[in-house]
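Asks: Be aware that the sequence shown starts at 3, since it is given in my numbering, and climbs by one per residue.
Cβ coordinates follow ideal geometry from the N, Cα and C atoms, glycine included.
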Amino acid sequence: MIGWREWLALPDLSVPRIKVKVDTGARTSALHAFDVERFERDGVPWVRFAVHPMQRNTVSVQLGEAPLVEERWVRSSSGKQTRRPVILTTMVLGEYRWQAELTLVRRDMMGFRMLLGRQAVRRRFWVDPGASYRMGR
3 MIGWREWLAL PDLSVPRIKV KVDTGARTSA LHAFDVERFE RDGVPWVRFA VHPMQRNTVS
63 VQLGEAPLVE ERWVRSSSGK QTRRPVILTT MVLGEYRWQA ELTLVRRDMM GFRMLLGRQA
123 VRRRFWVDPG ASYRMGR
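#1: Spatial neighbours of F41 within its chain, please: C-beta separation below 6 Å, excluding the five flanking residues on both sides.
#2: Closer than 8 Å is the cut-off here; do at least three beta carbon pairs connect the region 84 to 98 with the region 60 to 72?
#3: Could you check if M116 is buried or exposed, using at least 16 other CB atoms within 10 Å of its CB as the buried criterion?
#4: Measure the C-alpha to C-alpha separation of Q57 and D44 and round it to an integer number of angstroms.
#5: Grouping DSSP H, G and I as helix and E and B as strand, with all else coil, what is Q57?
#6: If you measure between the beta carbons of G119 and R29, is that distance less than 7 Å?
This is the structure:
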C-alpha cells in the first residue's frame, strides 16, 4: 500500500530521489522537464531534457536522455490539451522496480515535480488517499 505522496527513484535518468504525488485521476505519469530537445540516435528518435528533481529548488539540475516512445495529446486537470513527449523508464519505489511510461511537461507552478498516474500503479499497489509516505520518508 502506498500513500498519496512518496519518494521515487528514476535510475535510468540518474534521479536518485524525487517526491511524487500519486494521482489516480491522471492516466499517465508526468515528470517536470524543461529544455526538451528531440534528436535522432542511429535512426531512432530520442529526447534530451533537464529536470529539477528537488521541490522548490531550481539550482539542482539533472540531465536526462531516453528513446522517444511517441508524442501524445494529454489533457491537464485544467482542461488544456498539450502534445507531450512520452518515454519509458524504470521506476523504483521502496523494494518495487518496474517500467512505466512518463510524459515530459513543464510543472514549474505545480506542487510536485512528478505525478504518478494510475497506469504506473495499476496492479502493483493499493493507494491509501489518507496516508503519506507509506514507504518511509
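Replies: Judging by the given coordinates:
#1: So the qualifying residues of the chain are W48.
#2: yes
#3: buried
#4: Spanning the two alpha carbons is a distance of roughly 35 Å.
#5: coil
#6: yes
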